[in-house]
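>
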Amino acid sequence: MVVLMNPMEDPDNILRANRSREKTYMFDVAFDYSANQEEVYRATTKGLIEGLISGYNATVFAFGPTGCGKTYTMLGTDREPGIYVHTLNDLFKAIEETRDDMQYNISMSYLEIYNEMIRDLLNPSSGFLDLREDSKGVIQVAGITEVCTINAREIMELLMKGNKQRSQEPTAANKTSSRSHAVLQVAVRQTSRCRDLLQEVRFARLFMIDLAGSERASQTQNRGQRLKEGAHINRSLLALGNCINALSEKHGNKYVNYRDSKLTRLLKDSLGGNSRTVMIAHISPASLAFEESRNTLSYADRAKSIRTRVKRNLLNVSYHIAQYTNIISDLRSEIQRLKKKIANQAGRQLNSDRADIRHVQVEVQAHSTQASRAEMDQLREQLLEAFRSQMELRRSLMELDNNNMEIQMDASKHLLTIADWEQERSHRRRKWRAERRKESFSKEESEKDSYCPESPPDSTETQEVAMARENLVTLIAEQNKIRKQKALLERCFMELRERARRLEELLPHRVSSEEQREVLGLLCKVHELEIENAEMQSHALLKDNMIRQKNFVVQRFEQHRHLCDELIQQQRRFIEGVTKHYFLFILH
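Dropping the structure here:
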């Protein structure tokens, strides 16, 4: 619990007795000035390591005004290392414990956002970089340097190298003020050392972010370039605060504008996507920083209510032996046919003593001109580029189909929740009417005329049903978005396929050598088989989804059948009771 007290409040002022600005905030954990770096790390970040090894994304960032110790918490000093060092040490310790069974690939990148421009701290000479969004919606930095490492010491050496390149200038409020946001990304990829028909690949990303502090020009006394830097810092932090406000709203699907700043675009998954996120808010105990402390605590309090959709990053690589055996057999047949054709061509053009295929290749290379080789290389590059684009689009389509399957399953679950509640409500109403009729039979005719039934049972929706309806609206909107993306990708895929087909038709006219034509033709054949393989995998996923949906429908019908049986039994007991009571009434 954190209590923010107004330093200017006068207890003797009767007129402002009920207008106190004191406020209490509740957080997961709070630290005072006596807490050390180890305590802060164990209470905030240590729990993310196990999830990171299991394939869950994680983010840790420090937030607060300038001069409150954000860089000290994240980076620390030689004697008191911060969260960076503790996290990386524990990460590699966890990797060493499972290295006998699992194979790891660790890579890191380090960048800063300075005046809304991204700079690679490991390679500053590369200039300013651009943000890109891939087909899966993941934000990537184009051209960023990614270095593979084997231990925490190497990462720390690279980190120290990058910190020397970071923008840092003194101000009136902070002698070592960070003038940029620093983002350290560590990517962990994990595979099993035991090869199997179904191999699971886990991959996760860890973001550790040292944000620049918000500042007021009146306190920092900045001028010129420092004033411009402060304006960009406040702008990006304001965009971050707007995203936190939008994500923390409990009702409604308010649009979250991540594009106001490059910082919020980088933190898109961390704030409202697939990531376990820790926000460490820093405040100053000084009375002059009351407004900054209140704003920081308010944003941190709103951030508590943000809920992310965390899922493991898994990739199942299936080795279908029968399927790949057929493909290999077709390729071998194609190779044998080409070898025979090459041998026949050599026999027609050369003497019998030079029928060897290697002599034919040497002769062809000797008589081929530089222009024909350049033409061959150009066509090959165009074909490869077309095929690579087709494979990327096919993978994106498969990913969209998979996401659509998950959305359909979630929507079916929410529909089942709503249907169960409506059936339960109908059941309660029927039971209430039955009880009223039963009471009516036990009264005299005059009493029945004057009998006033009670009000029906309450039919207000439960919180679970209301949440199911809200989630259903969101899922339908997401499904429509996926449908539009899929239509666009399918159109692009057909255009690329048509382009590849035209290139194949141009082969006999633009390539003079028969052997070169055959090689390019074989290349086309191989990539066509790869695309067919991807399509077969997509069809298999769709069939699995249909089976899961049918199983879900069968389960739902089974529940309905049990409910119908229960209603029939209740009606039967009611009819028997009414009949028995009626005969007793006649006897009396």
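Each residue of the sequence shown is one higher than the one before, starting from 73 at the first, in this note's numbering. Beta carbons are placed, not taken as given, at the ideal position from N, Cα and C, and that holds for glycine. Bear in mind the structure is a predicted one, so any value in this text is a computation, not a measurement.
1. Once you ignore the five residues that flank Asp202 on each side, which residues in its own chain have a CB closer than 7 Å to its CB?
2. Report, in whole angstroms, the separation of the C-beta atoms of Ser252 and Tyr186, which I expect to be a contact under 8 Å.
3. Who are the near neighbours of Asn475 in its chain, counting only those whose CB is closer than 7 Å to its CB and skipping five residues on each side?
4. Measuring only the C-alpha atoms, how far is Gly649 from Ser498?
5. Of all the options Ala506, Thr532, Gly136, Asn543, which has the alpha carbon lying nearest to the alpha carbon of Leu488?
6. Mapping DSSP to helix, strand and coil, what is Leu575?
7. Taking one C-beta from the stretch 348-363 and one from the stretch 136-145 each time, how about it: are there three or more such pairs within less than 8 Å?
8. What's the gap between the Cα of Asn329 and the Cα of Ile407?
9. Reducing DSSP to helix, strand and coil, say where Glu517 ends up.
10. Is DSSP giving His392 helix, strand or coil here?
11. Is Asp425 helix, strand or coil when you go by DSSP?
12. Tell me, to the nearest whole angstrom, how far the beta carbon of Ala134 is from that of Asp282; I am working on the premise that it is less than 8 Å.
13. Can you tell me whether Gln237 is helix, strand or coil according to DSSP?
14. Leu465 to Asp332, Cα distance in whole Å?
15. Which same chain residues, not among the five before or five after Gly123, have their C-beta less than 7 Å away from its C-beta?
16. Tell me where the beta strand (DSSP E) around Ser179 begins and ends.
17. Alpha carbon to alpha carbon, how far is Ala427 from Leu568?
18. Who are the near neighbours of Glu550 in its chain, counting only those whose CB is closer than 7 Å to its CB and skipping five residues on each side?
19. Alpha carbon to alpha carbon, what distance is there between Val260 and Asn177?
20. Please determine if the stretch 107-118 and the stretch 157-177 are in contact, where contact requires at least 3 C-beta pairs separated by less than 8 Å.
21. Can you grab the Cα-Cα spacing for the pair Lys503 / Met477, in whole Å?
22. Put Tyr105 into one of helix, strand or coil per three-state DSSP.
23. Going by alpha carbons, who is nearest to Asp192 out of Thr221, Leu120, Gln257?
24. Is it a yes or a no for the stretch 363-383 touching the stretch 219-229, going by three-plus beta-carbon pairs under 8 Å?
25. With the cut-off set at 8 Å, would you say Glu184 and Arg238 are in Cβ contact?
26. Let me confirm a value: Arg574 is counted as buried when at least 16 other C-beta atoms fall within 10 Å, else exposed. Which label applies?
27. Quick check: what's the CA-CA separation for Ile121 versus Leu339?
28. Quick check on the burial criterion: 16 or more other C-beta atoms within 10 angstroms. Buried or exposed for Val255?
29. In angstroms, rounded to a whole number, what distance separates the CA positions of Asn235 and Tyr144?
30. Nearest-angstrom Cα distance between Tyr128 and Gln495?
31. With H, G and I counted as helix, E and B as strand and the rest as coil, what does DSSP make of Gly123?
32. As a quick exercise: from Ala353, Lys334, Gln627, pick the residue whose alpha carbon is nearest that of Ile305.
33. With DSSP as the reference, label Asp192 as helix, strand or coil.
34. How would you write the range of the alpha helix (DSSP H) that Ser320 sits in, first residue to last?
35. What do you reckon, are the CB atoms on Asn195 and Arg274 nearer than 8 Å?
36. Identify whether Ser522 lies in helix, strand or coil by the three-state DSSP scheme.
Taking the definition as stated:
1. Position 130 of the sequence shown, counting from 1, holds the residue named residue 202. Cβ neighbours of Asp202 beyond the five flanking positions: Ala214.
2. As a working mapping, residue 252 is identified with position 180 in the sequence shown. As a working mapping, residue 186 is identified with position 114 in the sequence shown. The pair is a contact, with the Cβ atoms about 4 Å apart (cut-off 8 Å).
3. For the purposes of this step, residue 475 is identified with residue 403 of the sequence shown, where counting begins at 1. Same-chain partners within the cutoff: Ile554.
4. Working through the sequence shown from its first residue, we reach residue 649 at position 577. Working through the sequence shown from its first residue, we reach residue 498 at position 426. Looking at the two C-alpha atoms, the distance is approximately 22 Å.
5. Here residue 488 refers to the residue found at position 416 when the sequence shown is read from its first residue. Comparing Cα positions, the closest option is Asn543.
6. Taking the first residue of the sequence shown as position 1, residue 575 is located at position 503. DSSP places Leu575 in helix when its eight states are reduced to three.
7. yes
8. Here residue 329 refers to the residue found at position 257 of the sequence shown. Here residue 407 refers to the residue found at position 335 of the sequence shown. Using only the alpha carbons, I get a separation of about 55 Å.
9. Residue 517 sits at position 445 when you count from the first residue of the sequence shown. Any answer about Glu517 is weak, because its pLDDT of 47 lies below 50 and its placement is not dependable; what the coordinates show is given next. It is helical.
10. Here the question's residue 392 lines up with position 320 in the sequence shown. Note that His392 has pLDDT 46, beneath the 50 cutoff, so the model's placement of it is unreliable and no number is given.
11. The count along the sequence shown starts at 1 and reaches residue 425 at position 353. For Asp425, the predicted model reports a pLDDT of 49, less than 50, meaning its position is unreliable; a value from the coordinates is still stated below. Here Asp425 sits in helix by DSSP.
12. Against the sequence shown, residue 134 aligns to sequence position 62. Against the sequence shown, residue 282 aligns to sequence position 210. Indeed they touch by this definition, with Cβ atoms about 6 Å apart.
13. Locating residue 237 in the sequence shown gives position 165, counting from the first residue. Gln237 falls in the coil class under three-state DSSP.
14. Within the sequence shown, residue 465 is the residue found at index 393, counting from 1. Within the sequence shown, residue 332 is the residue found at index 260, counting from 1. So the two alpha carbons sit approximately 29 Å from each other.
15. As a first step, residue 123 is located in the sequence shown; it is residue number 51 there, counting from the start. The residues are Ala130, Arg348.
16. On the sequence shown, residue 179 is found 107 positions in, with the first residue counted as 1. Element bounds for Ser179: 174-186.
17. Stepping through the sequence shown from its first residue, residue 427 is reached at position 355. Stepping through the sequence shown from its first residue, residue 568 is reached at position 496. Because Ala427 sits at a pLDDT of 46, beneath the cut-off of 50, its placement in the model cannot be relied upon, and the following sentence gives the value as read from the coordinates. One C-alpha to the other measures close to 40 Å.
18. Sequence index remark: in the sequence shown, residue 550 carries index 478 (1-based). Correct list, in chain order: Ile479.
19. Here residue 177 refers to the residue found at position 105 of the sequence shown. Here residue 260 refers to the residue found at position 188 of the sequence shown. Their Cα atoms are separated by approximately 6 Å.
20. yes
21. For the purposes of this step, residue 503 is taken as residue 431 along the sequence shown, with counting starting at 1. For the purposes of this step, residue 477 is taken as residue 405 along the sequence shown, with counting starting at 1. So the two alpha carbons sit approximately 39 Å from each other.
22. Mapped onto the sequence shown, residue 105 falls at position 33. The answer is coil: DSSP assigns Tyr105 none of H, G, I, E or B.
23. Position 120 of the sequence shown, counted from the start, is the residue given in the question as residue 192. Of the candidates Thr221, Leu120, Gln257, the one whose C-alpha sits nearest the C-alpha of Asp192 is Gln257.
24. no
25. Taking the sequence shown and counting its residues from 1, one reaches residue 184 at position 112. Taking the sequence shown and counting its residues from 1, one reaches residue 238 at position 166. It is a contact, given that the beta carbons lie within the stated cut-off.
26. Here the question's residue 574 lines up with position 502 in the sequence shown. By the 10 Å Cβ count, Arg574 comes out exposed.
27. Counted from its first residue, the sequence shown places residue 121 at position 49. Counted from its first residue, the sequence shown places residue 339 at position 267. Roughly 19 Å between the two C-alpha positions.
28. Here the question's residue 255 lines up with position 183 in the sequence shown. Burial call: buried.
29. Here residue 235 refers to the residue found at position 163 of the sequence shown. Here residue 144 refers to the residue found at position 72 of the sequence shown. One C-alpha to the other measures close to 13 Å.
30. Walking along the sequence shown from the start, residue 128 turns up at place 56. Walking along the sequence shown from the start, residue 495 turns up at place 423. In a straight line, the C-alpha of Tyr128 is about 38 Å away from that of Gln495.
31. Against the sequence shown, residue 123 aligns to sequence position 51. DSSP places Gly123 in helix when its eight states are reduced to three.
32. Numbered from its first residue, the sequence shown carries residue 305 at position 233. The shortest C-alpha separation from Ile305 is found at Lys334.
33. In the sequence shown, the residue the question calls residue 192 occupies position 120. Correct three-state label for Asp192: strand.
34. To locate residue 320, count along the sequence shown from 1; it is residue 248. Unbroken alpha helix (DSSP H) run through Ser320: 297-320.
35. Start at 1 with the first residue of the sequence shown, and residue 195 comes out as number 123. Start at 1 with the first residue of the sequence shown, and residue 274 comes out as number 202. No. Outside cutoff.
36. By one-based count along the sequence shown, residue 522 stands at place 450. With a pLDDT of 46 at Ser522, under the threshold of 50, the predicted position of this residue should be treated as unreliable, though the coordinate-derived value follows. Ser522: helix per DSSP, three-state reduction.
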